[in-house]
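Residues 216 to 540 in the working numbering are what the sequence shown spells out, letter by letter.
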Amino acid sequence: MLSARNGFPSFEERMRAVGLTPLRATGIATLQINVGKLCNQTCGHCHVDAGPDRREIMSRETAEHCIRALAQTDIPTVDITGGAPELAPCFRFLVEESKKLGRRVMDRCNLTVLLVAAQADLAEFLARHRVEIIASLPYYRAAQTDAQRGEGVFEKSIRALRMLNTLGYGRPGSGLKLNLVYNPVGAFLPPKQEAVEKQFRRELEQKHGVVFNNLYTITNMPISRFLEFLLNTNNYEGYMERLVNAFNASAAAGVMCRSMISVGWDGTLYDCDFNQMLELPTDHGAPRHIRDFDAARLRERLIVTNSHCYGCTAGAGSSCGGATA
């Protein structure tokens, strides 16, 4: 764990120095629901440690608690993630019920799940319910993507993107949003979001005929498989030093945990998906389970932080919606 003892200030100390402690939520604009760790891929950078052999999956009962909580509020956005969230039996229920309540629904899609035989109608389902797709794609070339995600993943991802484009996703005037997510391959911070987006847009359209709306850059968090990679390659100290040295007070003020609440597959509440993977639930008197959801108390709760939070405050900042500053 990063601390002053190994030469770096703790995250709490750094936030205190810029007047951001105690870090408190400013409302709830997003209800993020992690439906479990089951996935059809096993990616090297995955902070969820997801894969085909995982059995942590949200129950229908917990999903119903999520919808009841949503119905009690005016939270505008539902962000469904995993794993491959589409593989959870409750996924379509969450989409349908959230849309009935008039909410914006986002699906964090790994793209290749759209080609799974049992999900043959998935792309059409998403389009019919006008679900915004946040699609992860490590790079616009096969070598880098396959190195992080597995042999042949890039080619499958391109096939899935073309399928989505055919349905109208990413095309002007369709209203069907297709946004990409870029994570660096290796122990590096992402470059400027605007520059990466231009590269992806040019390469994907010219070489593959693929179009999309926006691209988000996300910093790899020193959690789970990426943490193992850092430790195994002796890159942990250097990577953490990059994060600490790139601390940005403006990015820190806009961290995503201040405007969202994250629900784990078992209904436990967290300030963000990263805290969820570290088993750091909401604290300081805030409700800890979706069945005890209390919007008034959660909107102004104190945020649980630790050294991994440097990942969201480095450089231009990092959130589920990309750069924050």
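Where a beta carbon is used, it is the ideal one built from N, C-alpha and C, also for glycine. Please read these numbers as outputs of a predicted model, since none were measured by experiment.
(message) Please report the straight-line C-alpha distance between THR610 and ALA244, rounded to a whole angstrom.
(response) Lying before the first or after the last residue shown, residue 610 is absent from the chain, which here runs from 216 to 540.
(request) List the endpoints of the continuous beta strand (DSSP E) containing ARG514. (result) It is not in any beta strand (DSSP E) - ARG514 instead sits in the alpha helix (DSSP H) that spans 510 to 514.
(request) Pair every Cβ in the stretch 494 to 513 with every Cβ in the stretch 261 to 268, then say whether three or more of these pairs are closer than 8 Å. (result) no
(message) Can you check which of these residues, VAL478, GLN256, CYS487 and ASN435, is closest to GLY365 by C-alpha distance?
(response) GLN256
(request) On a CA-only basis, which of THR434, GLY424, CYS324 and VAL368 is nearest ARG386? Give me that one, please. (result) GLY424
(request) Identify, in the order they occur along the chain, each residue of the same chain with its Cβ nearer than 8 Å to the Cβ of ARG552, setting aside the five sequence neighbours on each side. (result) Residue 552 lies beyond the stretch modelled for the chain, which goes from 216 to 540, so this question has no answer here.
(request) Could you tell me whether the stretch 471 to 479 touches the stretch 430 to 439, using the rule of 3 or more Cβ pairs below 8 Å? (result) Touching, no, given that fewer than three Cβ pairs across the two stretches are closer than 8 Å.
(request) Using the DSSP secondary-structure output, state which residues sit across from GLN247 in a beta bridge. (result) In DSSP, GLN247 forms a bridge with ASP294 and SER477.
(request) State the CB to CB distance for the pair ARG175 and HIS499, rounded to an integer number of angstroms; the pair is presumed to be in contact (CB under 8 Å). (result) As displayed, the chain neither begins before 216 nor continues past 540, which places residue 175 out of reach and without an answer.
(request) Over the uninterrupted beta strand (DSSP E) stretch that includes GLU347, give me the two end residues. (result) 347 to 351
(message) Applying the 10 Å Cβ sphere with the 16-neighbour rule, what's the burial state of ASP336?
(response) exposed
(request) Please look up how many angstroms separate the CB atoms of LEU329 and MET378, rounded, as I've assumed it's under 8 Å. (result) 6 Å
(message) Pop quiz: LYS314 and HIS280 are said to be a contact at Cβ under 8 Å. What is the actual Cβ separation, rounded to whole angstroms?
(response) Between the beta-carbon of LYS314 and that of HIS280 there is about 18 Å, and that puts the pair past the 8 Å contact cut.
(request) Say whether chain D places a C-beta atom closer than 7 Å to the C-beta of LEU326. (result) The question asks about chain D, but that chain is absent: this structure has only one protein chain.
(message) Is the separation between the beta-carbon of ASN463 and that of THR360 shorter than 7 Å?
(response) no
(message) My assumption, with CB atoms under 8 Å, is that LEU309 sits in contact with ALA342. Please give the rounded CB distance.
(response) That pair is no contact at about 17 Å.
(message) Tell me which residues share the same chain as HIS523 and place their Cβ nearer than 7 Å to its Cβ, disregarding the 5 neighbours each side in the sequence.
(response) MET436, PRO437, ILE438, PHE489 and LEU493
(message) Using 8 Å for Cβ pairs, my map puts GLY251 next to GLY298. What's the rounded Cβ distance?
(response) 5 Å
(request) Measure the alpha-carbon distance for SER218 versus SER225 and round it to whole angstroms. (result) Caution applies to SER218, whose pLDDT of 43 falls short of 50 and renders its modelled position unreliable; the model cannot decide the point.
(message) To the nearest angstrom, how far is the alpha carbon of PRO237 from that of ASP289?
(response) Roughly 26 Å separates the two Cα atoms.
(message) Please tell me whether LEU246 and ARG269 are closer than 7 Å, where the distance is taken between their beta carbons.
(response) no
(request) Taking only the alpha-carbon atoms, compute the straight-line gap between GLY202 and LEU446 and give it to the nearest angstrom. (result) The requested residue 202 does not occur in the structure, where the chain is confined to residues 216 to 540.
(message) In whole angstroms, give me the CA-to-CA distance for MET273 and THR296.
(response) 11 Å
(message) Going by DSSP, what residue range makes up the alpha helix (DSSP H) through ARG416?
(response) 408 to 423
(message) At the level of alpha carbons, what is the spacing between LEU395 and THR327?
(response) 14 Å
(message) Less than 7 Å between the C-beta atoms of LEU404 and PHE427, yes or no?
(response) no
(message) Please tell me whether ILE505 and CYS472 are closer than 7 Å, where the distance is taken between their beta carbons.
(response) Going by beta carbons, ILE505 and CYS472 fall outside the 7 Å limit.
(request) State yes or no: is the C-beta of TYR354 within less than 7 Å of the C-beta of LEU419? (result) no
(message) Rounded to the nearest angstrom, what separates PHE508 and GLY482 at their Cα positions?
(response) 10 Å
(message) Based on DSSP bridge pairs, tell me the residues matched to LEU517.
(response) ARG239
(request) Going by CA-CA distance only, name the one from MET455, GLY234, LEU285 and LEU302 that's closest to PRO267. (result) LEU302
(request) Starting from VAL395, follow the beta strand (DSSP E) in both directions and report where the run begins and ends. (result) Going by the sequence as given, residue 395 is Leu instead of Val. Start and end: 393 to 397.
(request) Use the C-beta contact count for THR241: other C-beta atoms within 10 angstroms, 16 or more gives buried, fewer gives exposed. (result) exposed
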